[in-house]
Amino acid sequence: MFENEVLKILKSVGITITRENLENPPQEEFGDLSFPCFHLSKEQKRNPNEIANGIASKIKLPRVSVIEKVEARGAYVNFFYNYSKLATTVLKEVLAKKENYGKGKRKQKIIVEFAHPNTHKLFHIGHLRNITTGESVSRILEHNGSEVVRANYQGDVGLHIAKCLWGIKNLGMEKLSSLDKKIEFLGKAYVEGNKAYENDNTKNEIIELNRKVYEKNPKVMKLWKETRKWSLNYFDIIYKRVYTKFDRLYFESEVAEPGLKITKKALKKGILTTSEGATIFDGEKYGLDKRVFVNNLGFPTYEAKELGLAELEFSEFGKVDKCVHVVGPEQSSFFKVTFKVEELLDSKKFKDKQMHLAYGWVRLKEGKMSSRLGNVVEGEWLLNELKKNILEKYIKKQDYSEKEKLEVAEAVAIGAAKYYFLKVNVSSEISFDINEAISMEGNTGPYIQYAYTRCCSILEKAKKLGKKTSQNLMPEEKKLIKILSLFPEIVKKSGDELSPTHICNYAYELSTAFSNFYEKCRVLNAETEELKNFRLNLVKSSQIVLGNCLKLLGIEPVEKM
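Residue numbers (our numbering): 5 to 565.
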């Protein structure tokens, strides 16, 4: 929040730099912000310690400033905050802006395309990580001031559908009363069809069934529509459970035909070529792979459908500044090729406007999940296990109604899962540990949610807030105020890098600082009324910012646990 003031002070003595050139000192004795002079030493061929001393001696602080002291130490120019002024400024802004605190003014329109569960298959924990990442990235971009369109692209045609439909026909359509039973049946049918595809005779039957889906054979389409609806109803329940609502659902069935038309256009332009009856992109001259867009049976591949999808996405929402595809790392080559073909087709529309945000696999002890063999860990199963464990360990003995117990356990379970996914780098692989995820200690969702509930509990007992002035601050108060002041910077950094991990790290640091403050600084029975009021305002500000962090992560703040 106050980096700009430091930048202006440095500019007044002839040093023009950006925020990236400033550092947060490792120890309090070195101040609150530091400017290292090593790069100036290389440019000026002078000792960096001399440069730092020279800069510090020239600085004259403005009369009204949160910076109270500047000193050189080694090769660093260190800036020290006046914490009374800092506290007044920070608390005033947080309490005035509330949920808008830290909000940026970046006016962009960004499509975030995520979730991507295929119909006729189970929603596994990899999808859960995907939807968690996409929703959090969407919220972070919105908090940075962008307009976000949430899109979901789902495979509802293709070989995996034909395998499932073949399995249904082979197993025999059962009379199924509940949606859960229907989804379980689809899972069995897919595994059955996948095994059958390994046999030459039944493989041809599945290929023929795939053709009938593309040709919209009335008999096949009746079964396809009914079972597709089962999947979509099932997905809707999950989306609602994890607090995601999509602006647009795209399906392979709707982009296949537009994709074929675009491949013909690309063929005429010489962007694509034919080879052995297929339409391909020979990417060698661009340092890319060779990929098939229409196979020798005349079916559009994923690549062709992607062209149709991009055309729809960039035409339905007006001017789009960027489209972010949250998809696994195995599609890296795929996107490099499709982005290049789209750029060659229409440079103005597509060049530098698409990016692949690759998220790491969720791995179990026995390895990567696969719905091909049926050893899938369902997303709902994981959420239910977390909820069951949270009820047993933390909620069961609380004096809440049964309804409240279930609601709190649900919110904490969703938070535990999401935080576990988001606290590591998006591209990192994860082996999910349920006990670690629900721990009330350390860098976990429940720990952050509990810090928020502590704030709520104090404020509920206090009833009202008074004036917020204070002169002599405890170290724990200073630490908390400084962290609160950094929130806008963290939001911007998270948006720039599309990284919810920065929000998690910040939320953990803030929760830990609040816990230390809570331990060392009496609030409701503080020594004076003035001090009590100041600390209550500090608690309220912490509650607001913690709540903002949780919301940016797609986690519901809870007022009791």
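We put the beta carbon where it would ideally sit given N, CA and C, even for glycine.
Since the structure is predicted, the reported quantities are computational estimates derived from the model, not experimental observations.
Does the beta-carbon of residue i, which I'm using as the reference point, lie nearer than 7 Å to any heavy atom of the ligand SAM?
| i | result |
| --- | --- |
| A60 | Only the bare structure without any ligand can be found here, which leaves the ligand SAM out of the picture. |
Return the residue from the list the options that minimises the CA-CA distance to residue i.
| i | options | result |
| --- | --- | --- |
| P262 | V298, Y247, Y85 | V298 |
| E54 | V81, L37, L65, F34 | V81 |
| F239 | I71, K220, P121 | P121 |
| L4 | V549, C525, A530, K536 | A query on residue 4 cannot be resolved here, the shown segment of the chain reaching from 5 to 565 and no further. |
| E1 | T231, K49, L557, T305 | Limits of the chain in this structure are 5 at one end and 565 at the other, which puts residue 1 out of reach. |
| V566 | R245, T231, A314, E534 | In the structure displayed, the chain extends from 5 to 565; residue 566 sits before or after that span and is not available. |
| L14 | N28, E389, K62 | K62 |
| Y243 | G138, N203, K391 | G138 |
| E37 | R23, K49, R50 | A quick correction: the sequence has Leu, not Glu, at residue 37. Comparing Cα-Cα distances from L37 to each of R23, K49, R50, the minimum goes to R23. |
| T78 | N51, L95, V68 | In the sequence as presented, Thr is not what sits at residue 78; that position holds Gly. Minimum Cα distance to G78 is reached at N51. |
| V381 | G191, K226, K391 | G191 |
| I275 | G383, E346, V330, E501 | E346 |
| N541 | I114, A56, K96 | K96 |
| A171 | V416, K207, E533, E310 | Ala is not the amino acid found at residue 171; the sequence shown has Gly there. With distances taken between Cα atoms, G171 lies closest to K207. |
| E317 | E188, K357, D160 | K357 |
| N476 | K352, R539, V116 | R539 |
| K309 | E7, G162, N57, P504 | G162 |
Taking the C-alpha atoms as reference points, what is the distance between residue i and residue j?
| i | j | result |
| --- | --- | --- |
| E563 | N520 | 20 Å |
| L349 | A270 | 7 Å |
| G551 | E334 | 35 Å |
| S545 | T448 | 21 Å |
| V17 | I59 | 7 Å |
| K465 | S489 | 26 Å |
| P492 | G108 | 8 Å |
| K93 | S337 | One point to set straight first is that residue 93 is Thr, not Lys, in the sequence displayed. Rounded to whole angstroms, T93 to S337 spans 49 Å at the Cα level. |
| I507 | I487 | 12 Å |
| K397 | C459 | 22 Å |
| R252 | G312 | 15 Å |
| T283 | N300 | 8 Å |
| I452 | F425 | 15 Å |
Quick check on the burial criterion: 16 or more other C-beta atoms within 10 angstroms. Buried or exposed for residue i?
| i | result |
| --- | --- |
| H43 | exposed |
| S498 | buried |
| P561 | buried |
| P30 | exposed |
| L556 | buried |
| G371 | Interpretation of G371 is limited by its pLDDT of 49, a score under 50 that renders its predicted location unreliable; the figure taken from the coordinates is listed afterwards. Answer is exposed; the Cβ neighbour count stays below 16. |
| N429 | exposed |
| L377 | Legend: pLDDT at L377 = 48, less than 50; position of this residue unreliable, value from coordinates given subsequently. By the neighbour-count rule (16 or more Cβ atoms within 10 Å), L377 is not buried but exposed. |
| G302 | exposed |
| T20 | exposed |
| G558 | buried |
| D325 | exposed |
| N529 | exposed |
| P66 | exposed |
| V68 | exposed |
| G322 | exposed |
| E307 | buried |
| L554 | buried |
| R232 | buried |
(request) Tell me the start and end of each unbroken beta strand (DSSP E) in the region 288-328 that is at least 3 residues and wholly inside, in chain order. (result) 294-298
(message) Ignoring anything shorter than 4 residues, give me the alpha helix (DSSP H) runs that lie fully in the region 84-122, in order along the chain.
(response) 87-101
(request) Identify every run of the alpha helix (DSSP H) within the region 452-514, keeping only runs that are complete inside it and at least 4 residues long; order them along the chain. (result) 479-489, 491-501
(request) Examine the Cβ distances between the region 216-234 and the region 105-122 and report whether three or more of them are shorter than 8 Å. (result) no
(message) My parser needs the beta strand (DSSP E) runs of 3 or more residues fully inside the region 139-193; what are they?
(response) 151-158
(message) Between the region 83-91 and the region 63-75, can you find at least three pairs of beta-carbon atoms closer than 8 Å?
(response) yes
(request) Would you be able to state if there are at least three C-beta pairs under 8 Å between the region 439-448 and the region 410-427? (result) yes
(message) I'd like to know if the region 285-294 and the region 88-106 are in contact, where contact means that at least 3 CB-CB pairs between them fall below 8 Å.
(response) no
(message) With a threshold of 8 Å, are at least 3 pairs of Cβ atoms found where one atom belongs to the region 127-135 and the other to the region 174-181?
(response) no
(message) Could you tell me which whole alpha helix (DSSP H) segments of length 4 or greater appear in the region 221-302?
(response) 222-245, 256-272
(message) Counting beta carbon pairs with one atom in the region 426-443 and one in the region 352-369, are three or more of them shorter than 8 Å?
(response) yes
(request) Tell me the start and end of each unbroken alpha helix (DSSP H) in the region 40-74 that is at least 4 residues and wholly inside, in chain order. (result) 42-48, 52-62
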